[in-house]
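Encoded as structure tokens, the structure appears first; notes follow it.
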Amino acid sequence: MNANSLNITLLRGGISAEREVSLNTGKQIAEALRVAGHRVWESDISPTDLSALDRQPCDLIFPALHGLFGEDGQLQQILETCGLPFVGSGAQASRLGMDKVATKSCLLENGIPTPPWQVVYAAKWREDWTPPSTVGVPCVIKPIAEGSSVNCRICTTLTEARTHLAATLLKYGTMLVEKFVNGFELTVGILDERTLPVIWIQPATEFYDYEAKYTRDDTQYVFDIPLPEQVLALVCRAAKETHRWIGCRHLSRVDLMVDKKTLEPYVLEINTMPGFTTHSLVPKAAAKAGITFPALCDKLAKLALRDATAVKNG
Numbered sequence: 215m216n217a218n219s220l221n222i223t224l225l226r227g228g229i230s231a232e233r234e235v236s237l238n239t240g241k242q243i244a245e246a247l248r249v250a251g252h253r254v255w256e257s258d259i260s261p262t263d264l265s266a267l268d269r270q271p272c273d274l275i276f277p278a279l280h281g282l283f284g285e286d287g288q289l290q291q292i293l294e295t296c297g298l299p300f301v302g303s304g305a306q307a308s309r310l311g312m313d314k315v316a317t318k319s320c321l322l323e324n325g326i327p328t329p330p331w332q333v334v335y336a337a338k339w340r341e342d343w344t345p346p347s348t349v350g351v352p353c354v355i356k357p358i359a360e361g362s363s364v365n366c367r368i369c370t371t372l373t374e375a376r377t378h379l380a381a382t383l384l385k386y387g388t389m390l391v392e393k394f395v396n397g398f399e400l401t402v403g404i405l406d407e408r409t410l411p412v413i414w415i416q417p418a419t420e421f422y423d424y425e426a427k428y429t430r431d432d433t434q435y436v437f438d439i440p441l442p443e444q445v446l447a448l449v450c451r452a453a454k455e456t457h458r459w460i461g462c463r464h465l466s467r468v469d470l471m472v473d474k475k476t477l478e479p480y481v482l483e484i485n486t487m488p489g490f491t492t493h494s495l496v497p498k499a500a501a502k503a504g505i506t507f508p509a510l511c512d513k514l515a516k517l518a519l520r521d522a523t524a525v526k527n528g
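Residues 215 to 528 in the numbering used here are what the sequence shown spells out, letter by letter.
Quick look at the structure:
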């Protein structure tokens, strides 16, 4: 160990539907941090078991968690209350970023284009539901506060949309119905307020679903994107502005679509704690920018310590 070694508590697992993703993410990050020379203690965590936060010595917390109690501000609020330095966005930004409807409202308020949408409520559900003309069919139906495309579907017919809504409303109570944008599916990682190289996602299947993200090996991630430079510049600007207005820090990943006909970019959502598995996109983009995975994890740990020190010193 060197003089710059840190004692890091890495949180992985959790209670959300993305638990398996988090376990894989945590394993990758822990190994990388050790390669970078840090001492890492890995722990699961839940709302009823916060004992991991008592581990000493501890210089900072690295939450490798997604979804409920990992990315939605609950854990971040606990860490802030305890005065523990941690990687990633604070409680307020995490809450906002996890709520797709609140995020889209924030985007509109700040002039960042996002596809038209409708919120459907179980209490008001009718079998003859029809989307508003601004949304139409095909449409994308997704939970308001889930990640990793869990229960997200592109519905090409009204019957398919009604069937998917009827099934998912039973579980979630509310669902987001969004206008389908046909075009380039892009993602932009943000690291320390700077954009990483843009990735064009090309799944072998019709939809970039959970399997395409984490288990299949035939999804293509392309950096040589056949779009004009000015369009890609708009994409990066929209991503950076989304990161800023949501209030993120250290890192995020912004998902966008560029309409095939108009070439207009639309922000879909933001991930305040992106995945760090072997399939994940922020590490791929960082590698393209010349940042190795251990260097990326090391940088995030040091950003957390930097910001905590700045707050402490006023």
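Every residue, glycine too, gets a C-beta built ideally from N, C-alpha and C. Predicted, not measured: the structure shown is a model, and the values here were computed from it.
query: What's the C-alpha gap between A522 and Q242?
result: Translated into positions along the sequence shown, residue 522 becomes position 308. Translated into positions along the sequence shown, residue 242 becomes position 28. Put simply, the backbone Cα of A522 is about 24 angstroms away from that of Q242.
query: Which stretch, first to last residue, makes up the beta strand (DSSP E) that contains T401?
result: By 1-based counting over the sequence shown, the position of residue 401 is 187. Taken as a continuous stretch (DSSP letters only), the beta strand (DSSP E) holding T401 covers G397 to L405.
- prompt: Distance, Cα to Cα, L448 vs P479?
  reply: Within the sequence shown, numbered from 1, the residue matching residue 448 stands at position 234. Within the sequence shown, numbered from 1, the residue matching residue 479 stands at position 265. Those two C-alpha atoms are separated by around 7 angstroms.
task: Would you mind sorting G228 into buried or exposed? The rule is 16 or more other CB atoms within 10 Å of its CB.
output: Looking up residue 228 in the sequence shown gives position 14. Looking at its Cβ environment, which holds 16 or more other Cβ atoms inside 10 Å, G228 is buried.
message: Starting from F507, trace the alpha helix (DSSP H) in both directions and tell me its first and last residue.
response: For the purposes of this step, residue 507 is taken as residue 293 along the sequence shown, with counting starting at 1. Per DSSP, F507 belongs to the alpha helix (DSSP H) from F507 to K526.
The beta strand (DSSP E) enclosing T223, as first and last residue numbers: Position 9 of the sequence shown, counted from the start, is the residue given in the question as residue 223. It spans N221 to R226 - the beta strand (DSSP E) in which T223 sits, taken as one unbroken run.
- prompt: Does DSSP classify K241 as helix, strand or coil?
  reply: What you label residue 241 is simply residue 27 of the sequence shown in a count that begins at 1. The answer is helix: DSSP assigns K241 an H, G or I state.
- prompt: beta strand (DSSP E) containing S466: first to last residue?
  reply: To locate residue 466, count along the sequence shown from 1; it is residue 252. First-last of the beta strand (DSSP E) with S466: L465 to D473.
- prompt: Just checking, does the stretch 461-468 make contact with the stretch 296-308 on the three C-beta pairs under 8 angstroms criterion?
  reply: yes
message: I'd like the list of long-range same chain contacts for D273, defined as Cβ closer than 6 angstroms, with 5 residues on each side in sequence excluded.
response: Here the question's residue 273 lines up with position 59 in the sequence shown. Closer than 6 angstroms at the Cβ level, and outside the excluded window around D273, lie L220 and N221.
field: Neighbour-count burial assignment, A426, 16 or more Cβ in a 10 Å radius
entry: Position 212 of the sequence shown, counted from the first residue, corresponds to residue 426. Per-residue confidence for A426 stands at a pLDDT of 47, beneath the threshold of 50, marking its modelled position as unreliable; no derived number is given.
field: At least 3 beta-carbon pairs within less than 8 angstroms: the stretch 358-374 vs the stretch 382-398
entry: yes
Local Cβ density within 10 Å of P497, reported as buried at 16 or more and exposed below that: Taking the sequence shown and counting its residues from 1, the one referred to as residue 497 is at position 283. Result: buried.
field: DSSP-derived helix/strand/coil call for V445
entry: One-based indexing of the sequence shown puts residue 445 at position 231. V445 falls in the helix class under three-state DSSP.
- prompt: Which residues mark the beginning and the end of the beta strand (DSSP E) in which S257 is found?
  reply: Here residue 257 refers to the residue found at position 43 when the sequence shown is read from its first residue. Run containing S257: R253 to S257, per the beta strand (DSSP E) assignment.
Nearest residue (CA-CA) to R467, options R451, N485, D473 and V481: Start at 1 with the first residue of the sequence shown, and residue 467 comes out as number 253. Of R451, N485, D473 and V481, the residue nearest in Cα terms is N485.
message: Just to confirm my understanding: we take V364, look at its own chain, exclude 5 residues before and 5 after, and list those with CB closer than 6 angstroms. What are they?
response: Locating residue 364 in the sequence shown gives position 150, counting from the first residue. Same-chain partners within the cutoff: A231.
message: Tell me the rounded alpha-carbon separation between W331 and T401.
response: Here residue 331 corresponds to residue number 117 of the sequence shown, with the count starting at 1. Here residue 401 corresponds to residue number 187 of the sequence shown, with the count starting at 1. Their Cα atoms are separated by approximately 20 angstroms.
field: Closest residue to R451 among P417, V412 and P345 (Cα-Cα distance)
entry: Residue mapping note: residue 451 aligns to position 237 of the sequence shown, counting from 1. The shortest Cα separation from R451 among P417, V412 and P345 belongs to V412.
Given Y435 as reference, the closest of P417, V391 and V315 once Cα atoms are compared: One-based indexing of the sequence shown puts residue 435 at position 221. Among P417, V391 and V315, the Cα nearest to that of Y435 is on P417.
query: In angstroms, rounded to a whole number, what distance separates the CA positions of T328 and K318?
result: Here residue 328 corresponds to residue number 114 of the sequence shown, with the count starting at 1. Here residue 318 corresponds to residue number 104 of the sequence shown, with the count starting at 1. Straight-line Cα distance between these residues: approximately 7 angstroms.
- prompt: Taking just the CA atoms, how far does V349 sit from R226?
  reply: Here residue 226 refers to the residue found at position 12 of the sequence shown. Here residue 349 refers to the residue found at position 135 of the sequence shown. Spanning the two alpha carbons is a distance of roughly 37 angstroms.
query: Which whole-angstrom value is the C-beta distance of C366 and V351, which I expect to be below 8 angstroms?
result: Position 152 of the sequence shown holds residue 366. Position 137 of the sequence shown holds residue 351. With 8 angstroms as the limit, C366 and V351 do not qualify as a contact, their Cβ atoms being about 16 angstroms apart.
query: Considering only residues of the same chain and omitting the five flanking positions on each side of A509, which have a CB-CB separation below 6 angstroms?
result: Along the sequence shown, one-based indexing puts residue 509 at 295. Within the same chain, A509 has no close Cβ partners at all.
task: Give me the Cα-Cα distance between K356 and A503, rounded to the nearest whole angstrom.
output: For this step, residue 356 is matched to residue 142 along the sequence shown. For this step, residue 503 is matched to residue 289 along the sequence shown. The straight-line gap from Cα to Cα measures roughly 32 angstroms.
field: Under the three-state DSSP convention, the category E360 falls into
entry: Indexing the sequence shown from 1 puts residue 360 at position 146. Reduced to three states, the DSSP call for E360 is coil.
- prompt: Per DSSP, what kind of secondary structure is W343 in: helix, strand or coil?
  reply: As a first step, residue 343 must be located in the sequence shown, where it is residue number 129. W343 falls in the coil class under three-state DSSP.
query: By Cβ distance, which residues of its chain are closer than 6 angstroms to R520, with the 5 residues on each side in sequence left out?
result: Your numbering for residue 520 matches position 306 in the sequence shown. Around R520, the same chain offers no residue with a beta carbon nearer than 6 angstroms, after the five sequence neighbours per side are excluded.
field: Status (buried if at least 16 other CB within 10 Å, exposed otherwise) for S308
entry: Position 94 of the sequence shown, counted from the start, is the residue given in the question as residue 308. That one is buried.
Sheet register partners of C353 (DSSP bridge): The residue you call residue 353 lines up with position 139 of the sequence shown. Answer is C369 and K393, bridged to C353.
message: If I follow the unbroken beta strand (DSSP E) through E478, where does it start and stop?
response: For this step, residue 478 is matched to residue 264 along the sequence shown. Element bounds for E478: n/a, residue is neither H nor E.
query: DSSP state of S265, grouped into three classes?
result: Position 51 of the sequence shown, counted from the first residue, corresponds to residue 265. Helix at S265.
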